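Just so you know, we're using numbering that gives the first Met the number 0 here: the sequence shown kicks off at 0 and counts up by one. Ideal placement from N, C-alpha and C gives every residue a C-beta, glycine not left out. Values in this document were obtained by computation on a predicted structure and should not be read as measured data. Inspection log for the structure reproduced underneath, given as structure tokens.
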Amino acid sequence: MKALASLVIFLALFAFSFDVYCKVPDDVIAGRKSDIVVTLVDELSMPYMGQAEILPSGGELLSENPVEFDMGSVILKYKAPDKAGEVRFEISVEGEMPSFSVEVLPDYTSMKSQYFEIAEFGGHVSMERKGKNLYEGVSSGEKLFEGDRLQVLKESYAILEGPGGNRIEIAPNSMILVEKVRSDSKTVFIRIEVIKGEVVSRVTEELFNTVLLLDGKSVTAGVRGTILGMEVSSDEVDVRNFEGKVWVKAAGEFYDLPRMKMMRFGKNALVQFERVQKETMERFERMEREIMKGFEQRAKQLLSTFGMEEMFRIDMRDFTRPIDKNIKSFDEMINGLRKKWRKRNGKGGN
């Protein structure tokens with residue numbers, strides 16, 4: 000008890016502002032219950048211990064409120080609102096109001112299954128139907144349903160059109176899987192896995208509220224606006240916001256991606272999230288042990304080793320950068336391929 004009191008007094012010597020991070024292992028679905036792991040740390044990356052009130056902008060918090068943070072974290076029991084969209088959580092803690100956001104996805108289980116049509120293609124494009132281990136050539140107007148894969152080879156392209164006029168444009172040397180394509184009278188829900196290569200989605204909101212997700216390895220990007228790009232290689236995942244509002248979920252955490260910015264995740268990037276969290280907790284535990292032994296000065300030295308590069312979560316500025324290509328260059332590539340294949344008497348295209 001004396002050691003704990005020493006720890007509290009030691010932390011009280013500093014006036015802190017707070018940063019908050021959330022980790023959502025699974026999708027948050029409209030109208031359903033979810034667990035949200037919330038981590039609260041101060042500006043020196045020290046985990047917060049104490050009570051705080053959670054104020055969501057929508058849905059229902061099922062956990063007792065105020066909640067108790069244990070070693071900086073708490074698991075929130077939460078029921079999402081019936082409508083999909085962004086929910087913002089504010090945390091009232093020691094006069095501060097840090098916040099985080101979670102994306103609520105529509106409950107697609109009650110929606111009607113839809114399909115994509117191959118609106119246009121050129122070159123060597125093939126499709127594998129769900130449950131079949133065979134790729135076959137495609138034709139214009141052919142339908143892709145949930146579970147189907149599309150493969151676009153070198154110097155080729157494909158343009159898919161889905162419900163609500165939403166389009167998926169696929170660059171050469173790419174492969175996608177149609178995970179979900181559904182709709183009801185108000186909403187279109189589309190989820191595409193980019194297995195490799197580059198894809199650009201163009202979302203229309205004229206008739207429907209469209210929720211479109213692109214998955215690449217352990218990264219998910221969702222578009223709230225119009226034009227989103229994802230490129231997946233063996234070593235990296237690039238997410239590009241060409242226009243509108245885009246969110247990215249990586250290692251269970253949500254981030255906003257500004258217009259004309261991109262996020263690049265290397266093959267080890269997601270592992271780094273977990274490593275930094277683990278190392279920070281180990282340092283905190285060592286510091287606590289030093290205080291319990293009465294070595295406050297040694298604990299202060301250990302605390303001073305927390306630099307801005309050793310934060311509880313890696314700073315997303317390490318991953319966010321100015322966009323490396325614009326949508327015009329992508330369009331020029333597709334148009335060039337279109338002209339090439341039309342010159343060949345329409346072979347492989349329409």
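DSSP three-state assignment for residue i, whether helix, strand or coil
{"i": "K342", "result": "helix"}
{"i": "N334", "result": "helix"}
{"i": "E309", "result": "Low confidence applies to E309: its pLDDT is 39, below 50, so where it sits in the model is not reliable, and the reading given next is rough at best. In the structure shown, E309 sits in a helix (DSSP, three-state: H, G or I)."}
{"i": "G363", "result": "The first residue shown for the chain is 0 and the last is 349, placing residue 363 beyond what the model contains."}
{"i": "G243", "result": "coil"}
{"i": "P80", "result": "coil"}
{"i": "I326", "result": "helix"}
{"i": "T219", "result": "strand"}
{"i": "Y20", "result": "strand"}
{"i": "S91", "result": "strand"}
{"i": "G49", "result": "strand"}
{"i": "S72", "result": "strand"}
{"i": "G196", "result": "strand"}
{"i": "T108", "result": "helix"}
{"i": "G122", "result": "coil"}
{"i": "P65", "result": "coil"}
{"i": "P321", "result": "strand"}
{"i": "G136", "result": "strand"}
{"i": "G228", "result": "strand"}
{"i": "G146", "result": "coil"}
{"i": "G130", "result": "coil"}
{"i": "G265", "result": "strand"}
Cα-Cα separation, residue i to residue j
{"i": "I326", "j": "S62", "result": "45 Å"}
{"i": "D147", "j": "G136", "result": "13 Å"}
{"i": "S56", "j": "N334", "result": "44 Å"}
{"i": "Q50", "j": "M96", "result": "13 Å"}
{"i": "F429", "j": "L143", "result": "As displayed, the chain neither begins before 0 nor continues past 349, which places residue 429 out of reach and without an answer."}
{"i": "V92", "j": "M48", "result": "11 Å"}
{"i": "S139", "j": "R87", "result": "43 Å"}
{"i": "E154", "j": "I35", "result": "44 Å"}
{"i": "M261", "j": "V66", "result": "35 Å"}
{"i": "T318", "j": "G215", "result": "Note that residue 318 is Phe in the sequence shown, not Thr. Approximately 16 Å, taken between the alpha carbons."}
{"i": "E230", "j": "D69", "result": "39 Å"}
{"i": "E85", "j": "Y254", "result": "12 Å"}
{"i": "N64", "j": "C21", "result": "17 Å"}
{"i": "S173", "j": "G163", "result": "24 Å"}
{"i": "L211", "j": "T225", "result": "10 Å"}
{"i": "S33", "j": "V73", "result": "13 Å"}
{"i": "R223", "j": "V245", "result": "6 Å"}
{"i": "L256", "j": "S200", "result": "15 Å"}
{"i": "M332", "j": "K129", "result": "30 Å"}
{"i": "V23", "j": "D330", "result": "35 Å"}
{"i": "G228", "j": "P46", "result": "36 Å"}
Residue i and residue j closer than 8 Å at C-beta
{"i": "D183", "j": "K82", "result": "no"}
{"i": "L213", "j": "V198", "result": "yes"}
{"i": "F17", "j": "V37", "result": "no"}
{"i": "L75", "j": "I90", "result": "no"}
{"i": "E102", "j": "G221", "result": "yes"}
{"i": "V151", "j": "A79", "result": "no"}
{"i": "I169", "j": "F115", "result": "no"}
{"i": "L133", "j": "E141", "result": "no"}
{"i": "Y77", "j": "L104", "result": "no"}
{"i": "F99", "j": "V19", "result": "yes"}
Anticipated Cβ contact below 8 Å, residue i with residue j, distance rounded
{"i": "D106", "j": "G30", "result": "6 Å"}
{"i": "V177", "j": "I191", "result": "6 Å"}
{"i": "T209", "j": "N240", "result": "Going by Cβ atoms, the distance from T209 to N240 rounds to 16 Å, so no, they are not a contact pair."}
{"i": "E145", "j": "V187", "result": "With a Cβ gap of about 14 Å, E145 and V187 do not count as contacting."}
{"i": "L149", "j": "I175", "result": "5 Å"}
{"i": "I322", "j": "M259", "result": "5 Å"}
{"i": "R263", "j": "R337", "result": "Rounded, the Cβ-Cβ distance is 29 Å, inconsistent with contact."}
{"i": "G161", "j": "Q113", "result": "7 Å"}
{"i": "G196", "j": "Y156", "result": "G196 to Y156, Cβ: 11 Å. No contact."}
Contact test: residue i Cβ vs the ligand SAH heavy atom, cutoff 7 Å
{"i": "V37", "result": "You won't find the ligand SAH in this model; it holds no ligand whatsoever."}
When the Cβ atoms of the stretch 248 to 268 are set against those of the stretch 231 to 238, are three or more pairs found closer than 8 Å?
yes
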